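Protein chains in written order, with my numbering: chain A, 2 to 272; chain B, 231 to 481. Every residue gets a Cβ at the ideal spot worked out from N, C-alpha and C, and that includes glycine. Model, not experiment: these values are computed from the prediction. The next block holds one structure in the form of structure tokens; read it before the comments.
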Amino acid sequence: MSGGDVRVESVRYAYGDLEALRGVTLTIRAGETVALLGPNGAGKTTLTRLLVALLRPAVGRVTVGDWDVARKRPDEMAGRVGYVFQHADQQLFARSVREDVAFGPRQLGRAAASVVPVLDELGLMPVAAVHPYDVPPPVRKLVALAGVLVMEPAVLVLDEPTAGLDRQQRERVIGALRRRAAAGVTVLVVSHDLAFVAELVERVVVLREGRVAADRSARELLYDRGALAALELTPPVTVEIGQALRLPGAPIRTAEVAAALRGTKWRESAE
Amino acid sequence: MTAVVTLEGVTFRYPGAAREALCGVSLGVAAGEIVALAGDAGAGTSTLLLVATGFAPRLVGGTLTGTRRLAGRCGIVFSRPWTQLTGLCSTVGDEVAFGPASLGLAREPVLASAGRAMERLGITHLATRDPAHLSGGELQRVVVASVLAMEPDLLALDDPAAELDPAGADALYALLPALAVGGMAILVATPDLERAASVATRAVVLAGGRVVADGPTHLLEGTGVAAIARAAGCPPPYPPDVPSLLRRVGR
Numbered sequence: 002m003s004g005g006d007v008r009v010e011s012v013r014y015a016y017g018d019l020e021a022l023r024g025v026t027l028t029i030r031a032g033e034t035v036a037l038l039g040p041n042g043a044g045k046t047t048l049t050r051l052l053v054a055l056l057r058p059a060v061g062r063v064t065v066g067d068w069d070v071a072r073k074r075p076d077e078m079a080g081r082v083g084y085v086f087q088h089a090d091q092q093l094f095a096r097s098v099r100e101d102v103a104f105g106p107r108q109l110g111r112a113a114a115s116v117v118p119v120l121d122e123l124g125l126m127p128v129a130a131v132h133p134y135d136v137p138p139p140v141r142k143l144v145a146l147a148g149v150l151v152m153e154p155a156v157l158v159l160d161e162p163t164a165g166l167d168r169q170q171r172e173r174v175i176g177a178l179r180r181r182a183a184a185g186v187t188v189l190v191v192s193h194d195l196a197f198v199a200e201l202v203e204r205v206v207v208l209r210e211g212r213v214a215a216d217r218s219a220r221e222l223l224y225d226r227g228a229l230a231a232l233e234l235t236p237p238v239t240v241e242i243g244q245a246l247r248l249p250g251a252p253i254r255t256a257e258v259a260a261a262l263r264g265t266k267w268r269e270s271a272e
Numbered sequence: 231m232t233a234v235v236t237l238e239g240v241t242f243r244y245p246g247a248a249r250e251a252l253c254g255v256s257l258g259v260a261a262g263e264i265v266a267l268a269g270d271a272g273a274g275t276s277t278l279l280l281v282a283t284g285f286a287p288r289l290v291g292g293t294l295t296g297t298r299r300l301a302g303r304c305g306i307v308f309s310r311p312w313t314q315l316t317g318l319c320s321t322v323g324d325e326v327a328f329g330p331a332s333l334g335l336a337r338e339p340v341l342a343s344a345g346r347a348m349e350r351l352g353i354t355h356l357a358t359r360d361p362a363h364l365s366g367g368e369l370q371r372v373v374v375a376s377v378l379a380m381e382p383d384l385l386a387l388d389d390p391a392a393e394l395d396p397a398g399a400d401a402l403y404a405l406l407p408a409l410a411v412g413g414m415a416i417l418v419a420t421p422d423l424e425r426a427a428s429v430a431t432r433a434v435v436l437a438g439g440r441v442v443a444d445g446p447t448h449l450l451e452g453t454g455v456a457a458i459a460r461a462a463g464c465p466p467p468y469p470p471d472v473p474s475l476l477r478r479v480g481r
């Protein structure tokens with residue numbers, strides 16, 4: 002079994018009287034890219050926290066590779082599963098961006114050789130010497146992501162990684178995650194941003210009221226109007242264009258739609 | 231139309247900052263207008279909201295040159311709602327009523343404004359909940375309601391749907407035209423250009439602290455549709471939304 006395989010078996014979790022997960026079973030193979038969707042309060046964040054031992058299931062079992070997460074501490078899990086919180090401020094503490102990103106490898110006694118390439122990959126070199134709290138909140142988000150990427154985990158879990166990011170920052174995040182996925186890293190993103198989901202993942206798991214409501218290929222789900230409507234989701238513009246023009250191959254990514262439209266005779270104006 | 235807020239040649243620098251966050255910005259927003267502020271990180275959109283509402287330099291410090299005129303009352307919603315709770319109220323109802331109560335209004339109008347604002351945001355059912363125990367999305371609605379309860383003439387929103395799910399974000403943006411029709415001037419800074427373009431009456435694009443474009447909403451060329459059209463070889467102006475793209479390909 003690879004360290005990047007994730008198994009969630011009949012997991013239940015409650016906050017006091019509020020049942021957040023009501024029996025979730027899910028298997029993610031190493032190297033898969035999966036988006037976890039669902040309305041506010043569906044249990045998405047709870048599920049991701051169970052993967053890194055920040056929460057323990059009341060019932061059921063969570064394994065990552067050959068590790069039973071219930072037997073691990075969060076700091077042990079950090080070597081295998083990289084977790085980026087929705088609010089980056091919760092995971093930044095060093096005096097400079099560079100030190101913050103280098104913290105993880107140093108704690109594990111690893112060389113910090115990959116710090117500069119990762120900073121560079123996310124466009125953070127210009128702020129490497131700046132205090133993390135002196136950079137704007139979206140940049141802090143990238144710093145938190147860098148701190149996780151530099152640990153080279155087998156699994157990446159990202160909670161709303163694109164919220165608040167501008168176009169360029171989004172592109173950088175998408176690029177960095179695509180490269181990790183191509184290298185065999187399991188990528189699980191919690192996101193409300195269907196355009197981002199379409200760019201990145203191959204599979205979508207939808208949670209509703211603590212249960213798995215759908216588990217399908219991203220392409221299939223995004224082109225299934227009825228299923229999206231039932232889940233109160235609006236398709237991304239790529240899919241709207243693909244459907245309206247009946248583009249071949251059910252394109253969901255910007256580059257796929259642009260490629261399908263190349264050669265179009267464009268009118269000068271929309272009038 | 232009369233401008234609710236007017237900035238003329240405004241330059242602003244945060245305390246200790248090496249360069250200006252805003253540079254020679256001139257901008258007026260009239261009652262009934264919904265102005266989408268677009269710009270990459272560091273462009274100055276959030277700073278412009280702080281300056282327009284008077285939070286900068288009054289509360290954050292820094293130096294401002296140029297003039298700012300505001301006719302009426304203003305309210306601002308920050309992108310991280312938990313930074314905006316009073317910390318003094320143990321129920322959502324009290325939290326939303328805190329603003330109008332602080333304006334010195336009598337009890338009846340305070341409760342009426344708070345009730346209306348909660349209804350608009352669909353959070354009446356949360357009235358007795360403790361704000362500290364809400365989800366990010368619920369909290370964001372509470373903060374928007376607490377600002378609306380003060381019935382501002384200028385409403386400044388900084389990425390107001392950052393915490394909301396798609397249905398919540400759609401509902402929030404759908405609320406803006408109704409507020410504008412009632413005479414509110416609205417400035418909304420957001421990276422969600424698609425939703426902003428769907429309700430805005432005007433777009434202002436900032437880069438490096440300067441206004442680089444001010445006009446119709448098709449200026450929001452960062453939208454996914456415009457990027458796709460550009461990549462597919464469409465000549466400018468790029469279509470901002472799916473219907474205009476379909477018209478450009480003859481459908």
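Q: Check the Cβ of B:D270 against every Cβ in chain A and list those closer than 9 Å, keeping chain order.
A: D167, R168, Q169, Q170
Q.
Could you check whether the Cβ of A:E10 sits closer than 8 Å to any Cβ belonging to chain B?
A. Closer than 8 Å: no.
Q) According to the neighbour-count rule (16 or more other Cβ atoms, all chains shown, within 10 Å of its Cβ), is A:F94 buried or exposed? A) exposed
Q.
Let me see if you follow: with CB-CB separation under 8 Å, is B:A430 close to chain A or not?
A. no
Q. At which residue ranges does the segment 397-463 of chain B contain complete alpha helix (DSSP H) runs of 4 or more residues, listed in the order of the chain?
A. 423-429, 454-461
Q: Check the Cβ-Cβ distances between A:E20 and every residue of chain B, and say whether any is below 8 Å.
A: Closer than 8 Å to the CB of A:E20 there is not a single CB belonging to chain B.
Q) So is A:R99 buried or exposed if we call it buried at 16+ other beta carbons inside 10 Å? A) buried
Q: Please decide whether A:H132 counts as near chain C, where near means a Cβ-Cβ distance under 8 Å.
A: The displayed structure is made up of protein chains A and B, and chain C is not among them.
Q: Rank A:A130, A:T26, A:L19, A:A184 by C-alpha distance to the C-alpha of A:T34 and give the top, closest one.
A: A:A184
Q) Of all the alpha helix (DSSP H) runs that stay within the bounds of the segment 15-87 of chain A, which reach a length of 4 or more residues? A) 45-52, 75-78
Q. I think A:A196 touches A:V238, with their Cβ atoms under 8 Å apart; what is that distance to the nearest whole Å?
A. 7 Å
Q: Return the residue from the list A:L178, A:D194, A:D6 that minimises the CA-CA distance to A:P236.
A: A:D194
Q: Give every residue of the same chain whose Cβ lies closer than 6 Å to the Cβ of A:G124, excluding the five residues on either side of it in the sequence, and list them in chain order.
A: R173
Q. Could one say the Cβ of A:G211 lies closer than 8 Å to chain B's Cβ atoms, at least one of them?
A. no
Q) Start and end of the alpha helix (DSSP H) containing B:G329? A) 322-332
(Q) Taking 8 Å as the threshold (C-beta atoms), are B:L402 and B:P421 in contact? (A) The answer is no: Cβ separation not under 8 Å.
(Q) Once DSSP output is grouped into helix, strand and coil, what is the label at B:D388? (A) strand
Q: With DSSP as the reference, please indicate the residues paired to B:T295 in a beta bridge.
A: Note: B:T295 sits in a beta bridge opposite B:T241.
Q) Does DSSP put A:I242 in a helix, in a strand, or in coil? A) helix
Q: Assign A:E161 to one of two classes, buried (16 or more other C-beta atoms within 10 Å of its C-beta) or exposed (fewer than that).
A: buried
Q: Pick helix, strand or coil for B:G258, following the three-state DSSP scheme.
A: Of the three classes helix, strand and coil, the one that applies to B:G258 here is strand, per DSSP.
Q.
For the segment 324-342 of chain B against the segment 269-278 of chain B, do three or more pairs of beta-carbon atoms, one drawn from each stretch, fall closer than 8 Å, so that the two count as touching?
A. no
**Q.** Cross-strand partners of A:E200 (DSSP beta bridge)
**A.** DSSP, once it has assigned bridges, lists no residue as partnering A:E200.
(Q) Within 8 Å of any Cβ in chain A, is that where the Cβ of B:I216 sits? (A) It is not possible to answer for residue 216 of chain B, since the shown part of chain B is limited to 231 through 481.
**Q.** Residue-level contact to chain B via CB, A:I242, 8 Å cutoff
**A.** For A:I242, the answer is yes, since a Cβ of chain B falls inside 8 Å of its Cβ.
(Q) I'd like the list of long-range same chain contacts for B:L364, defined as Cβ closer than 8 Å, with 5 residues on each side in sequence excluded. (A) V322, L356, V372
Q: Select from the segment 209-237 of chain A all residues with a C-beta closer than 9 Å to any C-beta belonging to chain B, and list them in chain order.
A: E233, L234, T235, P237
Q: Measure from the alpha carbon of B:T358 to the alpha carbon of each residue in B:L384, B:V374, B:D324, then state which is nearest.
A: Nearest of B:L384, B:V374, B:D324 to B:T358, Cα basis: B:D324.
Q. Among A:A129, A:E210, A:G110, which residue has its Cα nearest to the Cα of A:V102?
A. The shortest CA-to-CA distance from A:V102 to any of A:A129, A:E210, A:G110 is the one to A:A129.
Q | Cutoff 6 Å; reference B:G439; Cβ partners in own chain excluding five residues on either side | A | E250, A251, L252, C253, G274
**Q.** Start and end residues, beta strand (DSSP E) containing A:L157
**A.** 156-160
Q. Cβ of B:C464 less than 8 Å from any chain A Cβ?
A. At least one CB of chain A lies nearer than 8 Å to the CB of B:C464.
**Q.** Residues near B:P311 by beta carbon distance below 6 Å, same chain, minus five either side
**A.** L369, Q370, V373
Q.
Report the CB separation of B:D395 from B:G367 in whole angstroms; it is logged as a contact under 8 Å.
A. 6 Å
Q. Between the C-alpha atoms of B:L257 and B:V434, what's the straight-line distance to the nearest angstrom?
A. 9 Å
(Q) Need the endpoints of the beta strand (DSSP E) that A:R218 sits in, please. (A) In the sequence under discussion, the amino acid at residue 218 of chain A is Ser, which differs from the Arg named in the question. Counting along the chain, the beta strand (DSSP E) containing A:S218 begins and ends at 212-218.
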